[in-house]
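Number of protein chains: 2
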Amino acid sequence: MTRQELIANIRRKKSFLCVGLDTDIQKIPEHLLTEEDPIFAFNKAIIDATAPYCIAYKPNLAFYEAMGVKGWIAFEKTVEYIRSNYPDQFIIADAKRGDIGNTSKLYARTFFETLDVDAVTVAPYMGEDSVTPFLETPLPTSPEGKEKHRQHWVILLALTSNKGSQDFQTRPLSNSPEGEEPSSEKLYERVLRKSQEWADEDQMMYVVGATQGRAFEDIRKIVPNHFLLVPGIGAQGGSLEEVCRYGMTKDCGLIVNSSRAIIYASNGEDFALRAGEEAHKVQQQMAKEIEKLRK
Amino acid sequence: MTRQELIANIRRKKSFLCVGLDTDIQKIPEHLLTEEDPIFAFNKAIIDATAPYCIAYKPNLAFYEAMGVKGWIAFEKTVEYIRSNYPDQFIIADAKRGDIGNTSKLYARTFFETLDVDAVTVAPYMGEDSVTPFLETPLPTSPEGKEKHRQHWVILLALTSNKGSQDFQTRPLSNSPEGEEPSSEKLYERVLRKSQEWADEDQMMYVVGATQGRAFEDIRKIVPNHFLLVPGIGAQGGSLEEVCRYGMTKDCGLIVNSSRAIIYASNGEDFALRAGEEAHKVQQQMAKEIEKLRK
Chain A
9 MTRQELIANI RRKKSFLCVG LDTDIQKIPE HLLTEEDPIF AFNKAIIDAT
59 APYCIAYKPN LAFYEAMGVK GWIAFEKTVE YIRSNYPDQF IIADAKRGDI
109 GNTSKLYART FFETLDVDAV TVAPYMGEDS VTPFLETPLP TSPEGKEKHR
159 QHWVILLALT SNKGSQDFQT RPLSNSPEGE EPSSEKLYER VLRKSQEWAD
209 EDQMMYVVGA TQGRAFEDIR KIVPNHFLLV PGIGAQGGSL EEVCRYGMTK
259 DCGLIVNSSR AIIYASNGED FALRAGEEAH KVQQQMAKEI EKLRK
Chain B
9 MTRQELIANI RRKKSFLCVG LDTDIQKIPE HLLTEEDPIF AFNKAIIDAT
59 APYCIAYKPN LAFYEAMGVK GWIAFEKTVE YIRSNYPDQF IIADAKRGDI
109 GNTSKLYART FFETLDVDAV TVAPYMGEDS VTPFLETPLP TSPEGKEKHR
159 QHWVILLALT SNKGSQDFQT RPLSNSPEGE EPSSEKLYER VLRKSQEWAD
209 EDQMMYVVGA TQGRAFEDIR KIVPNHFLLV PGIGAQGGSL EEVCRYGMTK
259 DCGLIVNSSR AIIYASNGED FALRAGEEAH KVQQQMAKEI EKLRK
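For the protein sequence lines, the chains are A and B, in the order given. Each residue of the first sequence is one higher than the one before, starting from 9 at the first, in my numbering. Each residue of the second sequence is one higher than the one before, starting from 9 at the first, in my numbering.
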């Protein structure tokens, strides 16, 4: 999906909600456990119920890998299901990968060719050659032999929502010998600046936790137009209003993720219905923010 | 495996070689492609041929994930095969994972419970709560109901072997407000120091690329006793002799990885034989280094 298509979807659906498919076999409703593939059955119902209210899905790989082969199968089926039934949804593989060049290339092949997602989250610690292979994957060829020109994206970790983000991400760097950067630059600010040499706003987004409040102001000085993927609303305590106040751009520029608060709204037979209602509530809040953009 | 057991294995086998199982379907000998599971067939033959000369195996998850479900099955079978047939081998899942606490906990469950490896490589960018769940996993229970007390390890990325290691890892930090650290501390040095608050040398190792030469001297000032996992020998251009000169401790303190130079020594019918010969050559060099320790 291109940046323009994403922006059009956000405006049309009045939503910038991403539903996080952090599906845990220990948390899904008991009546699903008799299904052949309970994880996929859960995801399918959640997707059908929430699709009108969101513009993206973000399965977190950890939840699927934890179940070994079965989990991997459920993950593949989930991606295919979204792709086939809701082609306007942006699919993010939340994998936080990153390795030396030839290895990152394989991860890129996995997510963009074998699986055909739109975006992968990537960790920046190993630098340029660990990130750029995700930008260079040859575009996949469809089974009909026609080339698909799907735009794919890297979503780079910048300032995360967890407590440990203070250990390294917010550490100030000393003056660069080249004297190019402001003197008080923090590590995550360096990540934001340096990575703009690798890809522009058409192929790169950044993870910024909803718990980071006014740091969004500083971030917008460095990346005024890039989309930010914002986890941490709901269970982790971030505020949607605050994120919008400091982080929104004229094109919205935000994809806000909610996982547990939506997908585990109920663990009874009504789980999908309740997930849809929760997603709808968030979408209604978001619609108000989108309206402000138009004024 | 405990630190003491690892050191005993190294002394007994006069080797600190780790064979990297970066198994790529496009690079394995053609005659294996008719096997039911070519990747596992390749790994099994390589393991049988190299086991006398190494003390560890390191499958890199990227290579397995790139093949989807089939790859995941081959990965599980490979871990089980080593565990059953070569119980004195240290198994490293080279996964470079790291996520918020509850997600890292799931990755830990995958690698230490579902799969029963000894160690996982972890990226430090997200800080303490992204790393410590790998140290806290409840120990697995064997099928017989007897508790296994397998020690598990985190191998944290510190200074990697790739060019991109210069983008962030070697950036100098400015003086800490607490004034605790030396003024010229680099990011990777901060990672080495900070992470010692999370686990000691019995549960933590660090990745330091063989291409980093004399940086090993600085690293040994910060982590004089920790084991270092050293990739980058062979195909990536690092020198074993140099790594030993600057990085070895009285307990060896090194696990040196070689992947492509060993496993792809030949792509004919003699691939396993040639891999064994290459591993043996490296082991003979290592034996000389181990001898020096004893003087």
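All C-beta atoms, glycine included, are put in the ideal place defined by N, C-alpha and C.
So, is the C-beta of A/Glu136 closer than 8 Å to a C-beta in chain B? Here the question's residue 136 of chain A lines up with position 128 in the first sequence. With 8 Å as the cut-off, A/Glu136 counts as an interface residue toward chain B.
Between the region 68-83 of chain B and chain A, which residues of the former have CB atoms less than 8 Å from a CB of the latter, in chain order? Asn68, Ala70, Phe71, Glu73, Ala74, Met75, Gly76, Val77, Trp80, Ile81
Beta-carbon separation of B/Gly106 and B/Asp137 under 8 Å? Numbered from its first residue, the second sequence carries residue 106 of chain B at position 98. Numbered from its first residue, the second sequence carries residue 137 of chain B at position 129. Not in contact: B/Gly106 and B/Asp137 (Cβ atoms no closer than 8 Å).
Out of curiosity, what's the CA-to-CA distance linking B/Asp96 and B/Met212? Position 88 of the second sequence, counted from the start, is the residue given in the question as residue 96 of chain B. Position 204 of the second sequence, counted from the start, is the residue given in the question as residue 212 of chain B. One C-alpha to the other measures close to 19 Å.
Hey, is B/Asp175's beta-carbon within less than 8 Å of any beta-carbon in chain A? Residue mapping note: residue 175 of chain B aligns to position 167 of the second sequence, counting from 1. With 8 Å as the cut-off, B/Asp175 counts as an interface residue toward chain A.
Pull up the DSSP beta-bridge partners for B/Arg105, would you. As a working mapping, residue 105 of chain B is identified with position 97 in the second sequence. Paired residue(s): B/Val130.
Flag A/Tyr115 as yes if its beta-carbon sits less than 8 Å from any beta-carbon of chain B, otherwise no. Walking along the first sequence from the start, residue 115 of chain A turns up at place 107. Yes, A/Tyr115 lies at the interface with chain B (some Cβ there is under 8 Å from its Cβ).
A/Leu29 versus A/Glu193: straight-line alpha-carbon distance, rounded: Position 21 of the first sequence, counted from the start, is the residue given in the question as residue 29 of chain A. Position 185 of the first sequence, counted from the start, is the residue given in the question as residue 193 of chain A. Their backbone Cα atoms lie some 35 Å apart in a straight line.
For B/Met9, which of helix, strand or coil comes out of DSSP? For the purposes of this step, residue 9 of chain B is taken as the residue at position 1 of the second sequence. Correct three-state label for B/Met9: coil.
Among B/Phe279, B/Tyr61, B/Lys52, the one whose alpha carbon lies nearest that of B/Arg20: Position 12 of the second sequence holds residue 20 of chain B. That would be B/Tyr61, whose Cα lies nearest to the Cα of B/Arg20.
Of all Cβ atoms in chain D, is any one closer than 8 Å to the Cβ of A/Tyr133? No chain D appears in this structure, whose protein chains are A and B.
For a contact defined as C-beta to C-beta under 9 Å, what are the partners of A/Val199 on chain B? Counted from its first residue, the first sequence places residue 199 of chain A at position 191. Simply Tyr133, Asp175, Phe176.
Please list, in chain order, the chain A residues whose beta carbon lies closer than 7 Å to that of B/Gly109. Working through the second sequence from its first residue, we reach residue 109 of chain B at position 101. Residues of chain A passing the Cβ test: Asn170.
Terminal residues of the continuous alpha helix (DSSP H) containing B/Leu69? Taking the first residue of the second sequence as position 1, residue 69 of chain B is located at position 61. Start and end: 69-73.
Would A/Leu165 count as contacting chain B if we go by Cβ distances under 8 Å? The count along the first sequence starts at 1 and reaches residue 165 of chain A at position 157. Interface residue, yes.
Is the CB-CB distance between A/Leu167 and A/Gln220 below 8 Å? By 1-based counting over the first sequence, the position of residue 167 of chain A is 159. By 1-based counting over the first sequence, the position of residue 220 of chain A is 212. Contact flag set, yes.
Helix or strand or just coil, what does DSSP make of B/Met294? Reading the second sequence from its first residue, position 286 is the one you call residue 294 of chain B. It is helical.
If contacts are defined as beta-carbon pairs under 8 Å, then B/Glu73 and B/Gly79 qualify, I think. What distance do you get, rounded to the angstrom? As a first step, residue 73 of chain B is located in the second sequence; it is residue number 65 there, counting from the start. As a first step, residue 79 of chain B is located in the second sequence; it is residue number 71 there, counting from the start. At roughly 6 Å, the Cβ-Cβ gap stays under 8 Å, so B/Glu73 and B/Gly79 are in contact.
Could you tell me which residues DSSP puts in a beta bridge with A/Asn265? Position 257 of the first sequence, counting from 1, holds the residue named residue 265 of chain A. For A/Asn265, which the question treats as bridged, DSSP gives the partners A/Cys26.
Which of helix, strand or coil DSSP assigns to A/Tyr272: The sequence position of residue 272 of chain A within the first sequence is 264, counting from 1. Residue state, collapsed to three classes: coil.
Could you tell me whether any Cβ in chain B is nearer than 8 Å to the Cβ of A/Gly28? For the purposes of this step, residue 28 of chain A is taken as residue 20 along the first sequence, with counting starting at 1. Judged by the 8 Å Cβ criterion, A/Gly28 is not in contact with chain B.
Would you check if the region 29-44 of chain B and the region 53-67 of chain A touch, i.e. whether three or more CB-CB distances between them fall below 8 Å? no
Which residues in chain B sit within 7 Å of A/Ser182, going by Cβ to Cβ distance? Along the first sequence, read from residue 1 onward, the residue named residue 182 of chain A stands at position 174. Correct list: Pro180, Leu181, Ser182.
Per-residue contacts from A/Arg91 into chain B (C-beta, under 9 Å): Counting from 1 along the first sequence, the entry for residue 91 of chain A is found at position 83. The contacting residues do not exist; A/Arg91 stays about 15 Å from chain B at best.
So, does the region 38-49 of chain B touch the region 36-45 of chain A, judging by three or more C-beta pairs under 8 Å? no
With a 10 Å radius around its C-beta and 16 neighbouring C-beta atoms as the bar for buried, classify A/Cys26 as buried or exposed. The residue given as residue 26 of chain A occupies position 18 in the first sequence. So A/Cys26 ends up on the buried side.
Spell out whether any CB of chain A is found under 8 Å from the CB atom of B/Lys104. For the purposes of this step, residue 104 of chain B is identified with residue 96 of the second sequence, where counting begins at 1. Yes - at least one Cβ of chain A is within 8 Å of the one on B/Lys104.
Cβ-based neighbour list, A/Asp45, same chain, cut-off 6 Å, excluding 5 preceding and 5 following: Here residue 45 of chain A refers to the residue found at position 37 of the first sequence. Taken in chain order, the residues that qualify are Ala82.
Between which two residues does the beta strand (DSSP E) holding A/Tyr214 run? By 1-based counting over the first sequence, the position of residue 214 of chain A is 206. Counting along the chain, the beta strand (DSSP E) containing A/Tyr214 begins and ends at 212-216.
Entirely within the region 210-259 of chain A and at least 3 residues each: give me those beta strand (DSSP E) ranges in chain order. 212-216, 236-238
Quick one: list the residues of chain A neighbouring B/Leu195, beta-carbon separation under 9 Å, in chain order. Position 187 of the second sequence, counting from 1, holds the residue named residue 195 of chain B. Within chain A, the residues near B/Leu195 are Tyr133, Phe176, Arg179, Leu181, Leu195.
Taking only the alpha-carbon atoms, compute the straight-line gap between A/Ile18 and A/Pro132 and give it to the nearest angstrom. On the first sequence, position 10 is the one that residue 18 of chain A refers to. On the first sequence, position 124 is the one that residue 132 of chain A refers to. So the two alpha carbons sit approximately 28 Å from each other.
Could you check whether the Cβ of B/Lys202 sits closer than 8 Å to any Cβ belonging to chain A? Walking along the second sequence from the start, residue 202 of chain B turns up at place 194. By this cut-off, B/Lys202 is an interface position.
Verify the CB distance criterion: does A/Thr219 have a CB-CB separation below 8 Å to chain B? In the first sequence, residue 219 of chain A corresponds to position 211, counting from 1. Not an interface residue.
When DSSP builds the beta bridges, which residues end up paired with A/Ala64? Taking the first sequence and counting its residues from 1, one reaches residue 64 of chain A at position 56. DSSP output for A/Ala64 lists A/Cys26, A/Phe98 as bridge partner(s).
Under 8 Å (Cβ pairs) to chain B, residues found in the region 24-58 of chain A: Asp30, Asp32
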